[in-house]
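In our numbering, the protein residues as written are 1 to 228. All C-beta atoms, glycine included, are put in the ideal place defined by N, C-alpha and C. Fair warning: this is a prediction, and the values are worked out from it, not measured in the lab. Structure first, then comments.
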Amino acid sequence: MKILMIDDEFEYAELTKEYLEAKGAYVKYSPRPDLALAILQAESFDICLLDVKMPLKDGFTLAEDIKALDENMPIVFLTGQTLKEHKIKGLQIGADDYITKPYSLEELYLRLVAIMRRYKSSYNKSAEKTNMIQVGNYQFFPESRELNILEEKIKLSAIEAKLLHLLLLHKNDILKRDVALQSIWGDDDYYKAKSMNVYITKLRQYLKSDTNIEILNVHGEGYRLVVK
């Protein structure tokens, strides 16, 4: 596991780096968020660990820049920012986890392993699924994460594509909220559930050109993709 860690809190960073390296990971550490993109362009990594509150560039802005460079890069925030608004914002940006300081080094390592396992599994499954899925008047390509209608081509984020694929697997039936959370993030954390509502809203917006398609909220249970 190749990890890029950007954190201006040297004490936390050094302890974390030492522990992860003892577990066999390669960790590139920098306290400079303004250098992160240059590092990513010069060297390949499997995952990024970012602090939120940093000088020159905050972690949220940096995460957005990283996603613009490589939208499939897994990101985990390691931060002292404990407000739920910060956690929700981090997850909406597309982070795979939001871990507050102080944190257990063993738990951090296990979370990273779980994230890498999910990404590998998702990649392997998408490589097997090269066929197009018809969704009303739309064509959905899981491998390339494209949603097309007529001449319009919509490029979905990794999480949007996973969520749409899950909804299609449960088409006209209920996709349980906890099933979706476990499939996408590996747990049913409250803040990730709030974040998922944002992705549902985005999918509704993408699918609005076909009035025969609806994504319904099923109170207390989850969501239902209805194709009339």
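For Val-226, the enclosing beta strand (DSSP E) covers residues 222 to 227. Here Ile-174 is near Arg-224, since their CB atoms are less than 7 Å apart. Here Leu-40 is actually not in contact with Leu-78; their C-beta atoms are around 17 Å apart, not less than 8 Å. Shown here for Asp-7: same chain residues with a beta carbon closer than 6 Å to its own, the five before and five after excluded, namely Ala-13 and Asp-51 in chain order. Spatial neighbours of Tyr-19 in its own chain (CB-CB distance under 6 Å, excluding positions within 5 residues in sequence) are listed in chain order as Leu-105.
In this structure, DSSP gives Asn-197 a helical state, which the three-state scheme calls helix. Spatial neighbours of Ser-183 in its own chain (CB-CB distance under 8 Å, excluding positions within 5 residues in sequence) are listed in chain order as Lys-162 and Leu-166. Sequence-distant Cβ neighbours of Lys-171 in its own chain, meaning closer than 7 Å and more than five residues away, are Leu-225 and Val-227. DSSP, reduced to helix, strand and coil, places Asp-97 within a strand of the structure shown. Excluding five sequence positions before and after Lys-89, the CB atoms of its chain that fall closer than 7 Å to its own CB belong to Phe-60, given in chain order. Residue ranges of uninterrupted alpha helix (DSSP H) with 4 or more members, entirely inside the segment 45 to 114 and ordered along the chain, are 59 to 69 and 84 to 93. Going by DSSP, Glu-146 is part of the beta strand (DSSP E) stretching over 146 to 149.
Between Ile-154 and Asn-137, the C-beta spacing is not below 7 Å. With contacts defined by Cβ atoms closer than 7 Å, Leu-168 and Tyr-206 do not form a contacting pair.
In the DSSP assignment, Lys-208 falls outside any alpha helix (DSSP H), carrying neither H nor E. In this chain, the beta strand (DSSP E) harbouring Lys-176 covers 174 to 176.
For Ser-30, DSSP records a beta bridge to Ile-6. A straight line joining the alpha-carbon of Asp-34 with that of Lys-57 spans about 6 Å.
Non-local beta-carbon contacts of Thr-82 in its own chain, meaning distances under 8 Å to residues more than five positions away in sequence, involve Thr-100 in chain order. Per DSSP, reduced to three states, the secondary structure at Leu-167 is helical.
The Cβ neighbour count for Thr-16, taken over all protein chains shown within 10 Å, is at least 16; the residue is labelled buried. Ranked by Cα distance from Glu-85, the first of Asp-210, Gly-222, Arg-204 and Lys-194 is Lys-194. A direct Cα-to-Cα measurement between Arg-177 and Glu-221 gives close to 6 Å. In this structure, the alpha-carbon of Ala-38 lies about 12 Å from that of Phe-45.
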